[in-house]
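Down below is the structure, laid out as structure tokens.
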Amino acid sequence: MASPESATEQLASSLHRGLLGLFLGIVGLIALQLAGRLLVGEYLIGIIGVIVTLGTGYWILSLFIEGLQER
-9 MASPESATEQ LASSLHRGLL GLFLGIVGLI ALQLAGRLLV GEYLIGIIGV IVTLGTGYWI
51 LSLFIEGLQE R
């Protein structure tokens, strides 16, 4: 069983997840633009964009689930 966290620790953890989620969202949007390059024939950049987009989406989802479990 986890020890109860203080309000300051919970705030710090929540702030950390929020800032990391914001950063990952920005990276995901840029990667989504790179993934759009697949449509114009730039396959290497497009595939890298798809991989990064999927990775950031998974990471944001895991941050969301971690936040729900911490409540």
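The numbering of the sequence shown is the numbering used here, which starts it at -9 and goes up by one.
Where is the CB? At the ideal position from N, CA and C, for every residue including glycine.
May I ask which residues mark the beginning and end of the alpha helix (DSSP H) holding SER52? Where SER52 is concerned, the enclosing alpha helix (DSSP H) stretches over 33 to 60.
Between which two residues does the alpha helix (DSSP H) harbouring GLY8 extend? Note, GLY8: alpha helix (DSSP H), -3 to 25.
If distances are taken between C-alpha atoms only, which option among ILE16, LEU1, THR(-2), GLU(-5) comes closest to TRP49? ILE16
Determine the contact status of ILE18 and THR43, defining contact as a CB-CB distance below 7 angstroms. Per the sequence shown, the amino acid found at residue 18 is Gly instead of Ile. Against a cut-off of 7 angstroms, the Cβ pair of THR43 and GLY18 comes out as a contact.
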